[in-house]
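S.K.:
Protein chains: 2
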Amino acid sequence: MPQANSQTRRERLEEREEAILSAARQAFVEHGFDGATMASIAQAAEVAEGTVYLYFKNKNALLDAVIDRFYQRLTEDAREGVQGIHGTFERLEFLARHHLERCLEELPILHLMISRHRWKPDYRSSHGYELNKTYVAIFDGVCRDGMAAGQLRDDVPLWVIRDQFYGTLDYATRTLVLRGRPGKELDLAAEGVVDILRRGLDPGQSERTEAETSKLENITRRLEKVAAKLQA
Amino acid sequence: MPQANSQTRRERLEEREEAILSAARQAFVEHGFDGATMASIAQAAEVAEGTVYLYFKNKNALLDAVIDRFYQRLTEDAREGVQGIHGTFERLEFLARHHLERCLEELPILHLMISRHRWKPDYRSSHGYELNKTYVAIFDGVCRDGMAAGQLRDDVPLWVIRDQFYGTLDYATRTLVLRGRPGKELDLAAEGVVDILRRGLDPGQSERTEAETSKLENITRRLEKVAAKLQA
DNA sequence: TGACTAGGTGAGGGCTAATCATTATAACTG
DNA sequence: CAGTTATAATGATTAGCCCTCACCTAGTCA
Numbered sequence: 436m437p438q439a440n441s442q443t444r445r446e447r448l449e450e451r452e453e454a455i456l457s458a459a460r461q462a463f464v465e466h467g468f469d470g471a472t473m474a475s476i477a478q479a480a481e482v483a484e485g486t487v488y489l490y491f492k493n494k495n496a497l498l499d500a501v502i503d504r505f506y507q508r509l510t511e512d513a514r515e516g517v518q519g520i521h522g523t524f525e526r527l528e529f530l531a532r533h534h535l536e537r538c539l540e541e542l543p544i545l546h547l548m549i550s551r552h553r554w555k556p557d558y559r560s561s562h563g564y565e566l567n568k569t570y571v572a573i574f575d576g577v578c579r580d581g582m583a584a585g586q587l588r589d590d591v592p593l594w595v596i597r598d599q600f601y602g603t604l605d606y607a608t609r610t611l612v613l614r615g616r617p618g619k620e621l622d623l624a625a626e627g628v629v630d631i632l633r634r635g636l637d638p639g640q641s642e643r644t645e646a647e648t649s650k651l652e653n654i655t656r657r658l659e660k661v662a663a664k665l666q667a
Numbered sequence: 436m437p438q439a440n441s442q443t444r445r446e447r448l449e450e451r452e453e454a455i456l457s458a459a460r461q462a463f464v465e466h467g468f469d470g471a472t473m474a475s476i477a478q479a480a481e482v483a484e485g486t487v488y489l490y491f492k493n494k495n496a497l498l499d500a501v502i503d504r505f506y507q508r509l510t511e512d513a514r515e516g517v518q519g520i521h522g523t524f525e526r527l528e529f530l531a532r533h534h535l536e537r538c539l540e541e542l543p544i545l546h547l548m549i550s551r552h553r554w555k556p557d558y559r560s561s562h563g564y565e566l567n568k569t570y571v572a573i574f575d576g577v578c579r580d581g582m583a584a585g586q587l588r589d590d591v592p593l594w595v596i597r598d599q600f601y602g603t604l605d606y607a608t609r610t611l612v613l614r615g616r617p618g619k620e621l622d623l624a625a626e627g628v629v630d631i632l633r634r635g636l637d638p639g640q641s642e643r644t645e646a647e648t649s650k651l652e653n654i655t656r657r658l659e660k661v662a663a664k665l666q667a
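Keeping their order, the protein sequence lines are chains G and U.
Under my numbering, think of the first position of the first sequence as 436, with each following residue one higher.
Under my numbering, think of the first position of the second sequence as 436, with each following residue one higher.
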């Protein structure tokens, strides 16, 4: 049974890789990149120190892999969520809330990403850049649809809007943590971001109905969450 | 002549400190924090390695000192510039342009600041936090004046606006560099930021929807309480 | 002059990431 | 099943870093 054997063999390797990756993630989250040692990661993964280097080229590659995971889930969930929502600003508000929630949840990972990943001189040719590109492509798509539908000014470059959106959100994440009550003010932050965008990118005559239904739908979504809780 | 002697003595010390600080700045800018070695910094400053530690507690203290300088100049110039300008949005546009220009000029310092400084867990009790606070106080002042004069909505928390402003600018800085022509698009970015703010914070629009959503949110909150009770 | 002291030195300690010669294990073959 | 090869795993070792500390030097003062 060579098939079965090679299967288990492959599985063993994947399990090991998983163990190392998970140990690394844990170590990075707990002690930061510099604070985490390869020795402790190897020990937590129950392998020898040298073994880690069979699976990952070096410490940085470990970090890359951890961040890769973060982005994969972030992107997937964003894409999924957007699909189930109609209306430009409803989608934007979902994206804002989703980004804030996820970044707050995984704050240490966000720190690692920003501090070690995003400011490298060769960022643009890095894998991380591609990951980010894929992620923000969802936002870009929503905006382009909005522009095509006339709900969004199309005389502002998309990259300006994008920086406005994610720049604000990342700063807001930090502020929410610094202020010590991230949960309570999350809604305020997400709504604030989209609200300013809504007014700032209004293509002309204000469409009050649009704005109102948006907020109503927002509340509906929250009520649906409550309903889901009740079911569980 | 004890006066003259102690003077020259003091001057010697200050010169040395200056030499070390300047060498450190150079090294950090050229090779990054990890890439710069204390040995090379000491050599560039023409002192022994141990001497550096007579002037700065450790490598991190060196970085702090470098960043301190950056903030001092940034803040001073911002304050000066704002004083010579009247009108809320004119001032904001100056601040945006000033921030962008300075950050682009000193990009490596900005990287150091963001990656090593701002995301420390104890950031809020650090000197860097105070520096940042002093800097953004200028922006806050401009906004508060604008609100008092009725040129700015006062129903959006100041911290949301601040995050919007500086978050966007920092992201824009990165984008401008990535796009490779920071000079040409700097105006576009600065104007874009302020333009969206201008429209987004225009106090002219109605606030009736605001009151209505507030009521609805009240109801939502009550329903969530009910849900919590039911869960228990 | 001789003791005192602030300031300066650089070899060495302790810790780290990463390597590589060696060993162990699995897979294949006749 | 035994022998051979290929793959996987090991951990002592290496090179390089930050920082300390025992020692040194040169001014200052009694």
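Each residue gets a CB set at the ideal place from its N, CA and C atoms; glycine is no exception.
Enumerate, from N- to C-terminal direction, the unbroken alpha helix (DSSP H) stretches of 4 or more residues contained entirely within the stretch 494-576 of chain U.
M.R.: List check, alpha helix (DSSP H) in window: 494-518, 523-540, 542-547.
S.K.: Measuring alpha carbon to alpha carbon, tell me which of G/R508, G/S550, G/P543, G/A474 ends up nearest U/F468.
M.R.: Locating residue 468 of chain U in the second sequence gives position 33, counting from the first residue. Per the Cα distances, G/S550.
S.K.: Just the C-alpha distance for G/W554 and G/E450, rounded to the nearest angstrom, thanks.
M.R.: Residue mapping note: residue 554 of chain G aligns to position 119 of the first sequence, counting from 1. Residue mapping note: residue 450 of chain G aligns to position 15 of the first sequence, counting from 1. G/W554 and G/E450: Cα-Cα distance of roughly 32 Å.
S.K.: What do you get for U/H562, buried or exposed, if any count of 16 or more other CB atoms within 10 angstroms of its CB means buried?
M.R.: Position 127 of the second sequence holds residue 562 of chain U. The residue in question, U/H562, is exposed, as its Cβ has fewer than 16 Cβ neighbours within 10 Å.
S.K.: Note the first and the last residue of the continuous alpha helix (DSSP H) segment covering U/T603.
M.R.: The sequence position of residue 603 of chain U within the second sequence is 168, counting from 1. Residues 593-614.
S.K.: Determine the direct distance from the alpha carbon of G/R444 to that of U/A462, and round the result to whole angstroms.
M.R.: Taking the first residue of the second sequence as 1, we reach residue 462 of chain U at position 27. Taking the first residue of the first sequence as 1, we reach residue 444 of chain G at position 9. Rounded to whole angstroms, U/A462 to G/R444 spans 48 Å at the Cα level.
S.K.: How many Å lie between U/N493 and G/P592 at the Cα?
M.R.: If you number the second sequence from 1, residue 493 of chain U lands on position 58. If you number the first sequence from 1, residue 592 of chain G lands on position 157. Answer to the nearest angstrom: the Cα atoms are 45 Å apart.
S.K.: Is it true that the CB of G/A480 sits closer than 7 Å to the CB of G/A500?
M.R.: The count along the first sequence starts at 1 and reaches residue 500 of chain G at position 65. The count along the first sequence starts at 1 and reaches residue 480 of chain G at position 45. No, Cβ-Cβ distance for G/A500 and G/A480 is not below 7 Å.
S.K.: Using a C-beta cutoff of 7 Å, does G/G576 count as contacting chain U?
M.R.: Locating residue 576 of chain G in the first sequence gives position 141, where the first residue counts as 1. Closer than 7 Å: no.
S.K.: Starting from G/E484, follow the alpha helix (DSSP H) in both directions and report where the run begins and ends.
M.R.: Stepping through the first sequence from its first residue, residue 484 of chain G is reached at position 49. Note, G/E484: alpha helix (DSSP H), 484-490.
S.K.: Taking a cut of 8 Å between CB atoms, which residues from the stretch 531-562 of chain U lie near chain G?
M.R.: Against chain G - using a Cβ distance shorter than 8 Å - the residues of the stretch 531-562 of chain U are H546, I549, S550, R551, R553, W554, Y558, R559.
S.K.: Using beta-carbon positions only, say whether G/A662 and G/R532 come within less than 7 Å of one another.
M.R.: The sequence position of residue 662 of chain G within the first sequence is 227, counting from 1. The sequence position of residue 532 of chain G within the first sequence is 97, counting from 1. It is not a contact, given that the beta carbons lie outside the stated cut-off.
S.K.: Is G/Q518 near the ligand HEM, going by C-beta to nearest heavy atom under 6 Å?
M.R.: Looking at this structure, you won't find the ligand HEM or any other ligand, since it has none at all.
S.K.: So which residues on chain G does U/R508 lean against when the C-beta distance must stay under 7 Å?
M.R.: By one-based count along the second sequence, residue 508 of chain U stands at place 73. Here the premise fails: no neighbours, minimum Cβ distance about 21 Å.
S.K.: List, in chain order, every chain G residue whose beta-carbon is nearer than 9 Å to that of U/A607.
M.R.: In the second sequence, counting from the first residue as 1, residue 607 of chain U sits at position 172. In chain order: W594, V595, D598, Q599, G602.
S.K.: Are the Cβ atoms of U/G635 and G/R634 separated by less than 7 Å?
M.R.: Here residue 635 of chain U is taken as the residue at index 200 of the second sequence, counted from 1. Here residue 634 of chain G is taken as the residue at index 199 of the first sequence, counted from 1. Their beta carbons are under 7 Å apart, which means U/G635 touches G/R634 by this criterion.
S.K.: Just to confirm my understanding: we take U/R508, look at its own chain, exclude 5 residues before and 5 after, and list those with CB closer than 7 Å. What are they?
M.R.: Within the second sequence, the letter at position 73 stands for residue 508 of chain U. Closer than 7 Å at Cβ, skipping near neighbours: no residue.
S.K.: Quick one: using the 10 Å Cβ neighbour count with 16 as the cut-off for buried, is G/L613 buried or exposed?
M.R.: Mapped onto the first sequence, residue 613 of chain G falls at position 178. Classification of G/L613: exposed, given that the 10 Å Cβ count is below 16.
S.K.: Grab the span of the alpha helix (DSSP H) containing G/D589 for me, first residue to last.
M.R.: Locating residue 589 of chain G in the first sequence gives position 154, counting from the first residue. G/D589 -> no alpha helix (DSSP H), and no H or E assigned at all.
S.K.: Quick one: Cα of U/T608 to Cα of G/D605, how far?
M.R.: As a working mapping, residue 608 of chain U is identified with position 173 in the second sequence. As a working mapping, residue 605 of chain G is identified with position 170 in the first sequence. If I take the Cα positions, the gap works out to 14 Å.
S.K.: Give me the residue from G/A496, G/E452, G/G585 with the minimum Cα distance to G/F524.
M.R.: Taking the first residue of the first sequence as 1, we reach residue 524 of chain G at position 89. The shortest C-alpha separation from G/F524 is found at G/G585.
S.K.: Measuring alpha carbon to alpha carbon, tell me which of G/R447, G/V628, G/A454, G/G618 ends up nearest G/E540.
M.R.: Along the first sequence, one-based indexing puts residue 540 of chain G at 105. When each option's Cα is compared against that of G/E540, the closest is G/G618.
S.K.: Round the Cβ separation of U/D536 and U/L621 to the nearest angstrom and send it over; I've been treating them as touching at under 8 Å.
M.R.: Position 101 of the second sequence, counted from the first residue, corresponds to residue 536 of chain U. Position 186 of the second sequence, counted from the first residue, corresponds to residue 621 of chain U. Residue identity differs from the one stated: residue 536 of chain U is Glu in this sequence, not Asp. Indeed they touch by this definition, with Cβ atoms about 7 Å apart.
S.K.: Confirm, please, whether the CB-CB distance from U/I476 to U/I513 is below 7 Å.
M.R.: Taking the second sequence and counting its residues from 1, the one referred to as residue 513 of chain U is at position 78. Taking the second sequence and counting its residues from 1, the one referred to as residue 476 of chain U is at position 41. Contrary to the premise, residue 513 of chain U reads as Ala rather than Ile in this sequence. For U/A513 and U/I476, no; Cβs fall outside 7 Å.
S.K.: Check distances from the C-beta atoms of the stretch 610-643 of chain U to those of chain G and list, in chain order, the residues that come in under 8 Å.
M.R.: Against chain G - using a Cβ distance shorter than 8 Å - the residues of the stretch 610-643 of chain U are T610, L613, R614, L623, A624, G627, V628, D630, I631, L632, R633, R634, G635, L636, D637, Q640, S641.
S.K.: In chain U, which residues lie with their C-beta within 8 Å of the C-beta of G/V591?
M.R.: On the first sequence, residue 591 of chain G is found 156 positions in, with the first residue counted as 1. Neighbours of G/V591 on chain U, chain order: G627, D630, I631.
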